[in-house]
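Residue numbers (the numbering used here): 1 to 646. Each remark here refers to the structure printed beneath this line.
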Ligand code: FEO
Ligand code: CA
Ligand code: CA
Ligand code: CA
């Protein structure tokens with residue numbers, strides 16, 4: 001990369017400040033904006049189909065695709081109802097909600113789904129995607145395991161006769177059981193044919209479904225603690241189900257990490273004067289969630305089972321190569337609304353896992369393992385995530401980030417504040433972080449390590465509620481409608497990244513939005529396809545950043561999509577759209593094969609804000625069919641083959 005690595009904190013801060021000043025000068029000098037865009041409620045009538053944003057003025061020779069213009073939600077009906085990709089690339093719907101996953105499973109009858117079949121079929125609302133080559137440790141880009149999270153369900157789009165307003169009452173018990181089975185995670189063996197198309201190996205013994213009916217182990221410092229025990233599980237070491245599995249990560253030993261995020265939607269009932277009431281309130285669990293599981297299972301009734309929520313909100317580890325091995329909730333990584341769990345190998349072999357807590361004014365965390373990754377002995381890594389230190393981030397105005405340890409017995413984390421063990425600190429991670437003085441952020445979503453620079457990119461999606469008085473350098477805009485991305489400048493020792501460092505520099509990578517209107521900033525660039533509401537990110541193997549959006553349609557009337565940009569050199573932060581999703585959808589889980597010849601993306605909740613009976617899109621089904629839209633994974637390849645961004 002042509003961005004020099006710097007060595008000391010002082011140098012880092014100095015350089016960042018001077019770069020900001022230079023950029024301010026560039027912006028002050030002005031320059032005509034050529035981008036077009038659509039604002040909420042604004043029509044693009046008068047523009048020919050595809051004209052939106054076609055005044056492309058910048059073409060990066062290194063990002064080798066011609067950018068896809070923004071697509072406005074008020075645009076051409078056939079265009080907004082479907083996906084779109086840059087010229088020269090092919091898309092294939094690889095798997096969709098209800099497709100068979102397990103051997104012997106059938107395809108879902110979308111007009112009459114059933115719960116037993118759903119247990120063996122692809123779940124709803126695919127989010128995180130990991131591709132793990134077959135076999136473990138190899139780099140095979142044409143035969144692997146696709147591991148996909150199923151974050152949540154949209155009953156109003158899955159079933160006839162349900163609306164947003166009445167969905168709590170109108171779901172049938174069978175529909176609730178379908179939703180239970182449509183959550184979780186799928187593991188699928190897939191192969192690529194010579195014509196570049198991907199195919200599921202349905203009879204593979206490696207294919208698995210994890211649902212809200214699957215048993216998980218609980219490990220680490222909180223396992224077995226009385227606050228983790230329930231009538232159904234007096235050991236506190238087993239739990240049925242995983243929920244709200246959003247983004248995730250992959251460990252060096254070939255397991256998948258999955259973040260349990262919005263657990264607050266799943267519990268009902270009166271908190272009463274339970275000793276857990278404050279804990280549940282701090283997690284946003286107020287007993288009025290959107291889901292009806294409490295009707296079938298008293299575990300989701302807060303009055304009956306006040307400890308059950310303590311068994312969710314963790315990072316789950318799944319070994320997709322070993323179908324006999326149970327999945328494990330790793331409590332050492334803390335309990336909060338984990339967006340994901342991004343791994344980074346420290347210079348000394350310890351594993352670091354970064355994770356954002358996706359809620360307005362919540363925090364950024366990292367876990368540093370005590371033991372070291374052993375590439376030669378798989379079994380020695382099995383429980384590496386059970387011992388280590390969890391830290392929370394404080395971003396200081398001098399341009400440094402301080403990582404504050406959440407360790408029982410230190411600072412305020414003692415009996416004086418009702419912490420009696422490390423288990424208490426981990427179950428009440430948010431409260432512990434409050435007391436340590438962490439920096440409240442603008443909804444931390446995905447985090448990823450750049451494989452080339454080893455710097456870590458942190459996505460802050462948006463935060464409409466931040467006031468002028470609450471603005472700080474890491475969250476620099478009040479009423480932040482568009483979000484921003486921060487770059488953690490990981491120091492290096494002997495050329496290797498020190499992710500375990502407890503103080504280092506950070507800088508702003510971009511502030512999303514439209515340049516002149518939103519106090520947006522792209523490191524001095526003027527992107528035609530600017531972006532809003534970044535969420536999931538990934539890197540290609542040359543260190544370029546790929547940014548998926550969630551909420552662009554709501555903030556600006558532009559369909560969500562994925563944008564690529566350089567992270568160094570003259571085009572640093574110059575975003576270019578590569579792919580867009582249909583109306584109502586967000587783009588999730590971008591994931592490259594090791595050789596970058598395929599990019600898998602998730603199309604989540606196409607048609608959201610409409611219903612099964614009047615859907616805004618039926619994608620990936622034909623618009624003339626009577627079928628509902630289906631969340632799906634799309635495989636993108638380059639015409640003629642080769643790396644996506646070659
Ligand atoms: Fe599930 Fe934070 O997105
Ligand atoms: Ca997300
Ligand atoms: Ca990611
Ligand atoms: Ca989001």
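Where a beta carbon is used, it is the ideal one built from N, C-alpha and C, also for glycine.
Query, Result
"Are there any heavy atoms of ligand 1 lying less than 6 Å away from the beta-carbon of residue 358, as far as the coordinates show?", "yes"
"Do residue 631 and residue 597 count as a contact pair if the criterion is CB distance below 7 Å?", "no"
"Considering only heavy atoms of ligand 2, does any lie closer than 6 Å to the CB of residue 560?", "no"
"When every heavy atom of ligand 2 is checked, does at least one fall within less than 6 Å of the C-beta of residue 246?", "yes"
"The alpha helix (DSSP H) with residue 278 in it runs from where to where?", "277-282"
"Suppose you measure from the CA of residue 578 to the CA of residue 545; what does that come to, to the nearest Å?", "12 Å"
"Identify whether residue 151 lies in helix, strand or coil by the three-state DSSP scheme.", "coil"
"Take every Cβ of the region 369-379, pair it with every Cβ of the region 479-496, and state whether three or more of those distances are shorter than 8 Å.", "no"
"Using only the alpha-carbon positions, how far apart do residue 49 and residue 558 sit?", "Unreliable placement is indicated for residue 49, whose pLDDT of 28 sits below 50; no coordinate value is reported for it."
"Which same chain residues end up closer than 8 Å to residue 501 when comparing Cβ atoms and leaving out the 5 residues on each side of it in sequence?", "403, 490 and 491"
"Nearest CA to the CA of residue 320: which residue from 603, 150 and 210?", "210"
"Rounded to whole angstroms, what is the Cα-Cα separation between residue 333 and residue 186?", "23 Å"
"Below 7 Å between beta carbons: does that hold for residue 427 and residue 223?", "no"
"Would you kindly work out how many angstroms separate the C-alpha atoms of residue 601 and residue 438, rounded to a whole number?", "33 Å"
"Going straight from the alpha carbon of residue 80 to that of residue 125, what length do you get?", "19 Å"
"Pick helix, strand or coil for residue 108, following the three-state DSSP scheme.", "coil"
"Say the cut is 6 Å; is the CB of residue 398 nearer than that to a heavy atom of ligand 2?", "no"
"Short check: CB of residue 315 to CB of residue 341, under 7 Å?", "yes"
"On the three-state DSSP scale, how would you describe residue 564?", "strand"
"So the candidates are 535, 645, 338 and 91; which of them puts its Cα closest to the Cα of residue 595?", "645"
"Check residue 294 in the structure and name its three-state DSSP category.", "helix"
"Taking the alpha carbon of residue 120 as the reference point, which residue from 155, 423 and 188 has its own alpha carbon closest?", "188"
"Would you please state the rounded distance, in angstroms, between the beta carbons of residue 92 and residue 641? I believe it to be under 8 Å.", "Wrong, their Cβ atoms sit about 14 Å apart, outside the cutoff."
"Let me check you understand the geometry: is the CB of residue 595 closer than 6 Å to at least one non-hydrogen atom of ligand 3?", "no"
"Quick check on residue 309: does DSSP put it in helix, strand or coil?", "helix"
"Is the beta carbon of residue 535 sitting closer than 7 Å to the one on residue 461?", "yes"
"Go through the residues and name those whose CB comes closer than 6 Å to any heavy atom of ligand 4, in chain order.", "445, 461, 535 and 550"
"To the nearest angstrom, how far is it from the Cα of residue 507 to the Cα of residue 389?", "25 Å"
"Roughly how many angstroms separate the alpha carbons of residue 95 and residue 255, rounded to a whole number?", "22 Å"
"What residue range does the alpha helix (DSSP H) around residue 381 cover?", "378-381"
"Which same chain residues end up closer than 6 Å to residue 164 when comparing Cβ atoms and leaving out the 5 residues on each side of it in sequence?", "156"
"Tell me, please, which residues DSSP counts as bridged to residue 588.", "602"
"By DSSP, does residue 299 sit in helix, in strand, or in coil?", "helix"
"State yes or no: is the C-beta of residue 590 within less than 7 Å of the C-beta of residue 617?", "no"
"Alpha helix (DSSP H) containing residue 228: first to last residue?", "Element bounds for residue 228: n/a, residue is neither H nor E."
"Whole angstroms is fine: what's the gap from residue 326's alpha carbon to residue 283's?", "27 Å"
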